[in-house]
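Engineer:
2 protein chains.
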Amino acid sequence: MGGDRAPESVVQGAIDAAAHFHDDLEVVLVGDENAIGCYLPATEAQRLGIEIVHTSESIGMGESATTSYRKKRDSSIAVGIKLLGERRVDAFVSAGNTGAVVTASLLGLGRIKGVHRPAILTIVPTHHGQCLMLDVGANSDTKPAHLYQFAIMGRVYAQSVSGIPEPTIGLLNIGEESSKGSDLAQAAFKMLTECPGNLNFVGNVEGRDILKGTVDVVVCDGFTGNVILKFAESVVGMVVGAIRSELKRSLKFKLGALLLKPVFARVRSRLNYEEYGGAPLLGVDGVVVICHGSSSAKAIRNALRVAASGAREGIDAKIAEELSRELLREEVAG
Amino acid sequence: MGGDRAPESVVQGAIDAAAHFHDDLEVVLVGDENAIGCYLPATEAQRLGIEIVHTSESIGMGESATTSYRKKRDSSIAVGIKLLGERRVDAFVSAGNTGAVVTASLLGLGRIKGVHRPAILTIVPTHHGQCLMLDVGANSDTKPAHLYQFAIMGRVYAQSVSGIPEPTIGLLNIGEESSKGSDLAQAAFKMLTECPGNLNFVGNVEGRDILKGTVDVVVCDGFTGNVILKFAESVVGMVVGAIRSELKRSLKFKLGALLLKPVFARVRSRLNYEEYGGAPLLGVDGVVVICHGSSSAKAIRNALRVAASGAREGIDAKIAEELSRELLREEVAG
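Heads up: the sequence lines are chains R and D, in that order. With full-length UniProt numbering as the guide, the letters of the first sequence map in order to residues 1 to 334. With full-length UniProt numbering as the guide, the letters of the second sequence map in order to residues 1 to 334.
(1) In whole angstroms, what separates the C-alpha of Leu-126/R from that of Met-238/R?
(2) Which runs of the beta strand (DSSP E), 3 residues or longer, sit entirely within the stretch 95-133 of chain R?
(3) Give me the chain R residues within the contact set of Ile-174/D, using Cβ-Cβ distance strictly less than 7 Å, ordered along the chain.
(4) Let me make sure I understand the geometry here. Which of Ile-210/D, Val-288/D, Leu-328/D has the alpha-carbon closest to that of Phe-231/R?
(5) Using a C-beta cutoff of 7 Å, does Leu-255/D count as contacting chain R?
(6) Would you mind reading off the limits of the alpha helix (DSSP H) that contains Ile-300/D?
(7) Note down, in chain order, every chain R residue with its Cβ under 8 Å from the Cβ of Val-267/D.
(8) Quick one: which residues of the stretch 207-221 of chain R get their C-beta closer than 7 Å to a C-beta of chain D? List them in chain order.
(9) Tell me whether the stretch 124-141 of chain R and the stretch 311-319 of chain R touch, counting them as touching only if at least three CB pairs, one residue from each stretch, are closer than 8 Å.
(10) Could you give the residue range of the alpha helix (DSSP H) that holds Glu-326/R?
(11) Beta-carbon of Ser-94/R versus every beta-carbon of chain D: anything under 7 Å?
(12) On the three-pair Cβ rule with 8 Å, is the stretch 303-315 of chain R touching the stretch 75-82 of chain R?
(13) Can at least three beta-carbon pairs, one atom from the stretch 51-70 of chain R and one from the stretch 8-25 of chain R, be found at a separation below 8 Å?
(14) Taking 7 Å as the CB-CB cut-off, is Ser-162/R touching chain D?
(15) In angstroms, rounded to a whole number, what distance separates the CA positions of Gly-62/R and Gly-2/D?
(16) Express the C-alpha separation of Ile-77/D and Glu-206/R in angstroms, rounding to a whole number.
(17) I'd like the ranges of any beta strand (DSSP E) spanning at least 3 consecutive residues and lying wholly in the stretch 201-232 of chain D.
(18) Which of the three DSSP states is assigned to His-54/R in this structure?
(19) I'd like the span of the beta strand (DSSP E) that includes Pro-280/D, first residue to last.
(20) So, using beta-carbon positions, are Leu-304/R and Ala-17/R closer together than 7 Å?
(21) Against Phe-231/D, what residues of chain R qualify as contacts under a CB-to-CB distance less than 8 Å, listed in chain order?
(22) Per the DSSP calculation, Ala-91/D is bridged to which residue(s)?
(23) Could you name each continuous alpha helix (DSSP H) segment of 4 residues or more that falls completely within the stretch 242-277 of chain D, going from the start of the chain to the end?
(24) Less than 7 Å between the C-beta atoms of Gly-293/R and Asp-4/R, yes or no?
(25) For a cutoff of 7 Å on Cβ pairs, would you count Ser-58/R as touching chain D?
(26) Can you name the start and end residues of the alpha helix (DSSP H) that Val-27/D belongs to?
(27) Let me check you understand the geometry: is the CB of Gly-137/D closer than 6 Å to at least one non-hydrogen atom of the ligand ZN?
(28) Sort out for me which residues DSSP pairs Leu-171/D with in a bridge.
(29) If the cut is a Cβ gap below 7 Å, which residues of chain R does Asp-183/D touch?
(30) Once you ignore the five residues that flank Ala-185/D on each side, which residues in its own chain have a CB closer than 6 Å to its CB?
(31) Let's test the definition: count the other Cβ atoms within 10 Å of the Cβ of Ala-307/R and tell me whether it reaches 16, buried, or not, exposed.
Following this line, the structure appears as structure tokens:
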């Protein structure tokens, strides 16, 4: 029921996923059954194997996260997380209020043992591939030890879901030298450098390194990560808009644009964040994927695939394992 | 002597500025006279009215700011700031080590009375115009009161140099509601809302609002601002690179690209940060403009024009005036 285009695009994305990825996943739709019924007739749901769990409430995009979760126990977010907590589903996807999903996950599922703070990971398309960035908004204030754990969680995700055997990890900072940056970045740099495990930490990276693909995983605080993500999402539209406004100036340009139409479409799609599906919330005890509020059906479809991969790879169990190893190391060292 | 392409592009930019803007400014080049002589013969310098002040040292891009400024008193940065401090020049422009320029300005010129911290302001091209953003890197750690003053300094700059009579001001944050964001952003929001003067503060803005041009001035901490700026600088190249790699795929695309060549050039130039010249360092007692280390001659030329505007408008005096009014208000209130 969440998101700016719900339930239409959410239901349509679920239908597409059920149809395209029927070997990989089964969809359970959580929400108002009447609203869902407008876009998915019961016979069609049955044919696609889509189960519907009715809920009577929904949390608005502007509502306070904690209050709404506590008060609206029959909201689609609260019920979906409950189903996941009871392991009646293997993963939960939402395009609703991000704060409410994070709060519901923290309160309804709990953190993985040893995790200080969860983090939202996003995939950024780069020059030659993609780069994972976290945290992009689960936390508004971050401590050095959180950044250190984000590196561990990002590494686990890169290895098990993205299939990068030895991911390189960089710390987002405002200079490359170890002495550069905020107190937070300097302290995190120290922790990451002194890490006893094999984190493959390559040092500080700057804003320009994200799109260059200098490293596989970029670790940053949730404030900076969220600002960058929202800025990045607005960039392609800006460049394409600037090109489009120039095209009007001559017939020759219009012809050129006609010839290049497939190129623009491919570039837009390659740099389109929707293609990469939702953003996994790492560090909570269960597989949760958060989608943009304005997610299209395509974005929802891809997010469902991301969620299925996360569940199949047991990303939460792998993070738990890696962190318990980390805790053991600390005990031995301390 | 600073910057990755010094002294060639710096000297060339100075020559261009002296030739194009001779009614508006006079150039004094500070650096090694032999190195300068390679690109600007003495007769040519005389014809253009360019004065050369010889220095024997230069500060490298990777050197520690404070140490290098203190030790290298005959570096181009230290001497340039000294000339400005003695008011033998009206403004100082450098493409050298940013940290060293900030340190030299703080130690050599001092802060304007009442200013907690200086801030670097940059101009970001938007959909329909431009937006001013500060701080983009003078500070790695920022306090609420600093952000509050950045708003005042940004307003003064927008009014006197950019010619916006009543600039709107937004606080960069990770949500629009007043309750959203880091402790820093929330505290700054409160200060800006309770401000007794007429700041025209419109509230929080998000990463996507920067390019949308939602507000005239975006206030942010130097860490986030610097990361965004460097990310933004890498974006146009990324999009153009993605388009270019697609063009190779067919002859039709190559023809389309040929027809659209002027369009790409115009878009690149419109979104090119170099067009907007350097970034003024506000809050220090004198007009200082910082350029990107990789500045081209064109960027230097435009930075010299930005510096001349700042000096002509007496931006430092206007900031001093606005802050003394602010201090008076605080005294009356307190």
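Ideal placement from N, C-alpha and C gives every residue a C-beta, glycine not left out.
Structural biologist: According to the data block:
(1) The sequence given here has Thr at residue 126/R, not Leu. A direct Cα-to-Cα measurement between Thr-126/R and Met-238/R gives close to 18 Å.
(2) 119-125
(3) Gly-137, Ser-140, Phe-223, Asn-226, Val-227
(4) Ile-210/D
(5) yes
(6) Counting along the chain, the alpha helix (DSSP H) containing Ile-300/D begins and ends at 297-312.
(7) Val-239, Ala-242, Ile-243, Glu-246
(8) Gly-207, Arg-208, Ile-210, Leu-211, Lys-212
(9) Proximity of the stretch 124-141 of chain R to the stretch 311-319 of chain R falls short of the contact definition, fewer than three beta-carbon pairs being nearer than 8 Å.
(10) According to the DSSP assignment, Glu-326/R belongs to the alpha helix (DSSP H) that extends over 315-333.
(11) Chain D has no Cβ within less than 7 Å of the Cβ of Ser-94/R.
(12) no
(13) No: the two stretches stay apart, fewer than three of their Cβ pairs being nearer than 8 Å.
(14) no
(15) 49 Å
(16) 25 Å
(17) 201-205, 217-219
(18) strand
(19) 279-282
(20) With a cutoff of 7 Å on beta-carbon distance, Leu-304/R and Ala-17/R are scored as near each other.
(21) Gly-207, Arg-208, Ile-210, Leu-211, Ile-228, Phe-231, Ala-232
(22) Val-287/D
(23) 251-259, 261-270
(24) yes
(25) no
(26) Here Val-27/D belongs to no alpha helix (DSSP H), and DSSP marks it neither H nor E.
(27) The model on display carries no ligand, and the ligand ZN is accordingly not part of it.
(28) Asn-204/D, Val-219/D
(29) Asp-141
(30) These residues qualify, in order along the chain: Asn-173.
(31) buried
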